[in-house]
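In what follows, a structure is listed as structure tokens, so that the remarks can point back to it.
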Amino acid sequence: MAASPIRVCHVFASTEGGLWVYEQLEALRRNHGCEVRVVLPPGGGSTVDRFERAGIPIHRFDFRIWGLVALLTLPLRVIQLALWMRRERVEIVQSHIIPSTFFARPAAWLADVPVRLTMVTSPYYLQAPSIRWVEALTARMETGIIPSCRLTADLYAEAGLPARLIQPILYYGPPAERFDPARARPEELRAELGLPGGTPLIGAVAVFYRRCGSGSFVPPEIRDKYIKGHTDLFDAMPAILAEFPGARLVMVGKGWGPHGAETEEELGGYVAAMGLSDRVVFAGWRSAASVYMDLDVSVQASLNENLGGTIESLLMARPTVATRVGGMPDAVVDGETGVLVEPGDPADLARGILELLRDPERARRLGEAGRAKMLAGFTLETTVPALAQLYRRQRDSAPGAWRLHVGLARLVLAALIGIPIFVRAMLVDLLMLNLVPRTLRGLSPASRPAHDPGRRSA
1 MAASPIRVCH
11 VFASTEGGLW
21 VYEQLEALRR
31 NHGCEVRVVL
41 PPGGGSTVDR
51 FERAGIPIHR
61 FDFRIWGLVA
71 LLTLPLRVIQ
81 LALWMRRERV
91 EIVQSHIIPS
101 TFFARPAAWL
111 ADVPVRLTMV
121 TSPYYLQAPS
131 IRWVEALTAR
141 METGIIPSCR
151 LTADLYAEAG
161 LPARLIQPIL
171 YYGPPAERFD
181 PARARPEELR
191 AELGLPGGTP
201 LIGAVAVFYR
211 RCGSGSFVPP
221 EIRDKYIKGH
231 TDLFDAMPAI
241 LAEFPGARLV
251 MVGKGWGPHG
261 AETEEELGGY
271 VAAMGLSDRV
281 VFAGWRSAAS
291 VYMDLDVSVQ
301 ASLNENLGGT
311 IESLLMARPT
321 VATRVGGMPD
331 AVVDGETGVL
341 VEPGDPADLA
351 RGILELLRDP
361 ERARRLGEAG
371 RAKMLAGFTL
381 ETTVPALAQL
391 YRRQRDSAPG
401 AWRLHVGLAR
411 LVLAALIGIP
421 IFVRAMLVDL
431 LMLNLVPRTL
441 RGLSPASRPA
451 HDPGRRSA
């Protein structure tokens, strides 16, 4: 007798971005016979459109945290989500990004869902003091934590999470067919910009996030800084231009969120103040696969990151320079698949870029080795089968499902333990430390993933 379809629900607290959530669910449905659904916020957006076009059921949920009404109704909303999970007999709940996990984790635990997973989009959450302690305490509600880079796995182990809960690493990789240099057509940026053939092009494909906040909800190394390291890249350009005076830096991306236009203006002003306006090109959104083909060197200069755009860059066999942060060393192995440099160090960043510009043949070999490494374990084609296996293994070994007495007992326990945790998090970290405005600003890079190829950082 054929195994019954697994009822899978992913939870994602945004109506924009998160292409990987759709890619994972669609592949689970198409290739592994899963019965899938998704929990999204109210409203419209590109994420909603994708799921509606695919006919994947959407359950709308209010993920608001900030504001008096939101805080007062938060426990009730968690219970409502738990009741929906019980009613739908969901067998697998998997959350992405911290605002999703904040609700999905206690709801799935209260509902006694057999398999409860968080796929951790970034080490950011365990590097920010006011998020780390809550995550370390509540992660035990899950049946598994799925790290998406080695650093994240190590941070959970250091936080004392039992080894049985930390699952093998699975990367947020795209479908391999979408990033195939044999099929991509260059953007012809040199012709578009009126540059002669052979002009060295250095490119950074990443969202322009607002400058981070300075509170304890932000990792110390990125407070009051641009998380993607854009200004470090600008600061590296004079050293590069001294050796390659005709080079251009192409910034592929756009400002994110309500402050996106302001951030673009700030970065443009920074470039102008350096006298580099004729050497730095803000190219806006582009087809990532195509634009990579034009680049001599692809750069990810982030100060805090998961994989950033390294997977896409290497899938396109581009010579890649990345900072030694987060999960990027998983993909960019120094001297094997690319060049690693120190974060926040424009001189070292220039050194890495110049290494590849000086030796195009070595750069080509590194790019080809990078593509082979990505195809071997960093794409959707390797992530989704591993997810399906994890689902079935945990479902088959689960002690039970939707047990009423367990749910009621957990509700009482949540009231006794969860409320003090909630009060501590809200009153101490937010009100007593007066961090609310800066927190909202600082959380945006990690909690609202972008929809460009650098999205896998969020």
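Under the working numbering, the first residue of the sequence shown is numbered 1, with each subsequent residue one higher. Think of the CB as a built atom: it goes at the ideal place given N, C-alpha and C, for glycine as much as any other residue. For clarity, every value in this text was computed on a predicted model and none was experimentally measured.
- Counted as a single uninterrupted DSSP element, the beta strand (DSSP E) harbouring Met251 occupies residues 248 to 252.
- Taking the CA atoms as reference points, Thr382 sits about 11 Å from Gln389.
- Of all alpha-carbon atoms in Arg105, Tyr125, Ile131, the one lying nearest the alpha-carbon of Gly326 is that of Tyr125.
- Here the C-alpha atom of Val281 lies approximately 6 Å from the C-alpha atom of Leu249.
- Around the Cβ of Ile58, a 10 Å sphere holds fewer than 16 other Cβ atoms; the residue is exposed.
- Annotation for Thr143: Val115, Arg116, Gln394 place their beta carbon closer than 6 Å to its own, counting only its chain and skipping 5 residues before and after.
- For Glu35, the uninterrupted beta strand (DSSP E) run begins and ends at 35 to 40, by DSSP.
- Each residue's CA atom was taken as its position, placing Leu357 and Gly309 some 20 Å apart.
- Going by beta carbons, Val321 and Leu303 fall outside the 9 Å limit.
- Rounded to whole angstroms, the gap between the alpha carbons of Thr15 and Leu40 is 7 Å.
- The criterion of a C-beta distance shorter than 9 Å is not satisfied by Thr337 and Leu354.
- Ile92 has Val8, Val115 as its beta-bridge partners, per DSSP.
- In its chain, beyond the 5 residues on either side, Tyr270 have a beta carbon closer than 7 Å to the beta carbon of Thr231.
- With contacts defined as CB atoms closer than 9 Å, Gly160 and Met374 fail to qualify as a contacting pair.
- Assignment of Pro147 by DSSP, reduced to helix, strand and coil, places it in the strand class.
- Here Leu340 carries a strand assignment [DSSP, helix/strand/coil].
- The three-state reading of DSSP puts Thr15 in coil, since its state is none of H, G, I, E or B.
- Distance from the CA atom of Glu52 to the CA atom of Arg7, rounded to whole angstroms, is 18 Å.
- By the 16-neighbour rule on beta-carbons within 10 angstroms, Asn31 is exposed.
- Shown here for Glu177: not one same chain residue has a beta carbon closer than 7 Å to its own, the five before and five after excluded.
- Phe208 and Pro399 have their C-alpha atoms some 46 Å from each other.
- Taking a C-beta distance under 9 Å as the contact criterion, Cys9 and Arg50 do not qualify as a contact pair.
- Nearest in C-alpha terms to Thr118, of all of Pro5, Pro147, Leu241, Arg183, is Pro147.
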